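For reference, each letter of the sequence shown is one residue, going 23 to 450 in this note's numbering. Think of the CB as a built atom: it goes at the ideal place given N, C-alpha and C, for glycine as much as any other residue. Source: prediction; values computed, not measured.
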Amino acid sequence: MALIVHKYGGTSMGSTERIRNVAKRVAKWARAGHQMVVVPSAMSGETNRLLGLAKELSPSRPADAYHRELDALAATGEQASSALLAIALQAEGMPSVSYAGWQVAIKTNSAHTKARIESIDDSKVRADLQAGKVVIITGFQGVDEGGNITTLGRGGSDTSAVAIAAALKAHECLIYTDVDGVYTTDPRVVPEARRLHTVSFEEMLEMASMGSKVLQIRSVEFAGKYKVPLRVLSSFTEWDIDINEEAKSGTLISFEEDENMEQAIVSGIAFNRDEAKISVLGVPDTPGIAYQILGAVADANIEVDVIIQNISKEGKTDFSFTVHRNDYAKAIDLLKTQVLPKLGAQEVTGDAKICKVSIVGIGMRSHVGIASKMFRVLSEEGINIQMISTSEIKTSVVIDEKYMELAVRALHKAFDLDQIPADSARQS
Ligand code: ASP
Ligand code: MG
23 MALIVHKYGG TSMGSTERIR NVAKRVAKWA RAGHQMVVVP SAMSGETNRL
73 LGLAKELSPS RPADAYHREL DALAATGEQA SSALLAIALQ AEGMPSVSYA
123 GWQVAIKTNS AHTKARIESI DDSKVRADLQ AGKVVIITGF QGVDEGGNIT
173 TLGRGGSDTS AVAIAAALKA HECLIYTDVD GVYTTDPRVV PEARRLHTVS
223 FEEMLEMASM GSKVLQIRSV EFAGKYKVPL RVLSSFTEWD IDINEEAKSG
273 TLISFEEDEN MEQAIVSGIA FNRDEAKISV LGVPDTPGIA YQILGAVADA
323 NIEVDVIIQN ISKEGKTDFS FTVHRNDYAK AIDLLKTQVL PKLGAQEVTG
373 DAKICKVSIV GIGMRSHVGI ASKMFRVLSE EGINIQMIST SEIKTSVVID
423 EKYMELAVRA LHKAFDLDQI PADSARQS
C-alpha cells in the first residue's frame with residue numbers, strides 16, 4: 023500500500039462524463055489498497071472563461087487590488103471541479119472529501135496571480151486518509167498570511183500536485199493529462215515526434231521552462247528539490263486498464279542518470295512563443311548597469327529570461343533581454359519612465375514577435391559541436407538568429423516568430439529525433 027497523488031488536467035475534467043471516468047480510475051487505485059490524494063484542474067476552458075469575464079469589466083491596465091479579485095475568481099474553477107469529483111467518487115461508493123487550498127491550508131506568499139507555496143499543513147489530509155477517504159485538493163491555489171485566496175499562475179495545478187506529494191512524502195505523483203507523455207517535441211508541430219520513456223529531471227526542467235507545455239516549470243523545480251518521482255501519462259486510456267500496466271505507462275521523470283540516458287545527445291526540441299525581447303540602447307558601460315536595469319525589472323515581479331550585453335563601443339553598450347509577453351508593456355513602461363532617465367541610456371526598443379527554440383539533452387555535456395550544428399541547420403533554412411544562450415545541457419536561440427515551426431522541424435530531423443535509437447531503452 024502506498025500514498026499516491028493523482029493530478030488531472032482540465033481536459034480530463036472537461037465534462038461530467040469525464041469526471042465520472044476520473045472517479046472510476048481513482049476508485050480503482052484506492053481499491054487496490056492505495057491511499058489516494060487527487061488534485062484536479064478546473065474543467066477545461068473554465069479558467070479562461072472566468073478571466074475573460076473580468077477582462078470584460080476591466081479592460082484597462084489593472085492594479086494590485088484587481089489581481090486579488092482575479093485570484094478569488096479564478097480559484098472557483100478548481101473548487102467546482104474538486105467538489106464534482108468528490109461527488110462522483112461518493113456515487114461510486116468511495117468515501118471522499120474535497121478541500122479548497124485555504125481549507126488545507128496551502129500557505130503561499132502574497133504575489134497574486136503568481137504566488138509561491140510556502141508551506142502545507144498535512145494534518146487534515148492524513149486524518150481523512152486514515153479514515154479511508156479519497157482526499158481531493160483543489161489545484162492552482164492557496165491562501166496568504168492575510169487570508170486572501172491566491173493562485174499559482176496558469177498551469178499551477180501541476181505545482182499544487184507536486185507540492186502536496188512532497189508534503190505527504192507520496193510514493194509517486196502521477197500527472198494525468200491529454201498527452202500520453204513527454205515527447206521529443208510538440209507532435210502538433212512535428213508529427214514524427216516520439217514519446218520519451220524516461221527523461222532526466224534536469225532535461226525536463228529545461229523543456230518545461232522552454233514551453234514544452236507538458237508541465238508547469240515550478241512543478242518540475244519542486245519535484246527536483248524534494249525528489250518527488252513524477253510521471254506524466256494519459257487520462258484517455260480506459261479507466262479499467264490493468265493498474266500495473268498503467269503504473270508503468272507515460273514518461274517517468276527520473277532523478278538518476280542511468281547509462282541508457284547518456285545515449286541521446288539531444289533529447290528534445292523545446293520552443294516558446296510567450297516571450298518578448300527588450301533592448302536598452304546606448305547604456306553607459308559602467309559597473310552596476312545590469313543591476314540598475316534588471317533590478318528594477320525584478321522589483322516589479324517580472325521574470326527575465328535570456329540576457330545579452332554587447333561589448334561596448336565608445337563607453338556605451340546595448341543591453342537586451344526577454345520577458346514574458348504578458349509583462350512586455352509593463353516592462354517597457356517601467357524602463358522608459360523609471361530606468362532610462364536615471365541611466366542616461368538613449369532608447370528602449372522591443373519586439374513581441376519573437377520565439378525561442380532550444381535543443382536540450384544531458385548528452386551535450388560530453389559532446390562538442392552540438393551548438394554549431396544547430397546554427398548550421400538554422401542557417402541552411404535562412405533563419406536569422408537574434409540572441410543565443412546556452413547552459414550545460416541546452417542551447418537556445420531567439421528568432422523571428424514566423425520561423426518557429428520551420429526551425430523546430432529542421433532541428434528535430436537534423437538531430438535524428440524521429441529515428442528509433444539503436445538502444446531503445448530510453449524511448450518507446
Ligand atoms: N486552471 C488553471 C489554469 O488553467 C490551473 C491549471 O489548470 O493548472 O491555468
Ligand atoms: Mg496544465
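Please state if the CB of T38 and the CB of L106 are separated by a distance shorter than 9 Å. Yes; because the gap between Cβ atoms is below 9 Å, this pair is in contact.
Rounded separation between V211 and E225 - CA only: Cα to Cα, V211 sits roughly 20 Å from E225.
In this structure, does DSSP put K249 in helix, strand or coil? Of the three classes helix, strand and coil, the one that applies to K249 here is coil, per DSSP.
If I'm right that D180 touches H134 with Cβ under 8 Å, what's the distance once you round it to whole angstroms? Their Cβ separation, rounded to whole angstroms, is 19 Å, which puts D180 and H134 out of contact at 8 Å.
Could you tell me whether the Cβ atoms of G246 and G383 are closer together than 9 Å? In this structure, G383 does not lie closer than 9 Å to G246 by Cβ.
Name all residues in chain order for which at least one heavy atom of the ligand MG lies closer than 6 Å to the residue's CB. Spelled out in chain order, the answer is G31, G177 and D180.
Can you give me the Cβ contacts of E284 inside the same chain, cut-off strictly under 8 Å, excluding the 5 residues immediately before and after it? Confidence is the limiting factor: at E284 the pLDDT is only 44, short of 50, which leaves the residue's position unreliable and the question unanswerable from this model.
Compute the Euclidean distance between the alpha carbons of V430 and A292, then round it to the nearest angstrom. Their Cα atoms are separated by approximately 8 Å.
From the DSSP output, which residues share a beta bridge with N294? Its beta-bridge partners are K378.
Our contact map puts T273 next to T220 with C-beta atoms below 8 Å; I'd like the distance itself, whole angstroms only. The Cβ separation is near 7 Å, so the contact holds.
Which residues mark the beginning and the end of the alpha helix (DSSP H) in which K364 is found? Per DSSP, K364 belongs to the alpha helix (DSSP H) from L362 to L365.
In three-state DSSP terms, what is D340? Judged by DSSP in its simplified three-state form, D340 adopts strand.
Is A64 near the ligand ASP - that is, is its Cβ less than 8 Å away from at least one heavy atom of it? Yes - the ligand ASP has a heavy atom lying nearer than 8 Å to the Cβ of A64.
Starting from V27, trace the beta strand (DSSP E) in both directions and tell me its first and last residue. Unbroken beta strand (DSSP E) run through V27: L25 to Y30.
Quick check on this structure: which residue in P306, Y248 and A351 has the alpha carbon closest to the alpha carbon of D373? Ranking the options by Cα distance to D373, first place goes to A351.
Nonlocal neighbours in the same chain, by C-beta distance under 8 Å from G366, ignoring five residues either side: Correct list, in chain order: P306.
Quick one: give me the first and last residue of the alpha helix (DSSP H) that Q441 is part of. Neither: Q441 is in no alpha helix (DSSP H) and is coded neither H nor E.
On the CB-based measure, 16 or more other CB atoms within 10 Å of its CB, does N294 come out buried or exposed? With a threshold of 16 other beta carbon atoms within 10 Å, N294 meets it and is buried.
Boundaries of the alpha helix (DSSP H) in which Y121 is found, first to last residue: No alpha helix (DSSP H) contains Y121, which is instead part of the beta strand (DSSP E) from S118 to Y121.
Between the CA atoms of I333 and P62 - distance to the nearest angstrom: About 49 Å.
Name the one or two DSSP bridge partners that K335 has. Answer is K338.
Can you tell me where the beta strand (DSSP E) with G372 in it begins and where it stops? Residues E369 to D373.
So, under 8 Å CB-CB, T173 and D93 are touching, yes? Tell me the CB distance rounded to an integer number of Å. Contact holds; Cβ gap of about 5 Å.
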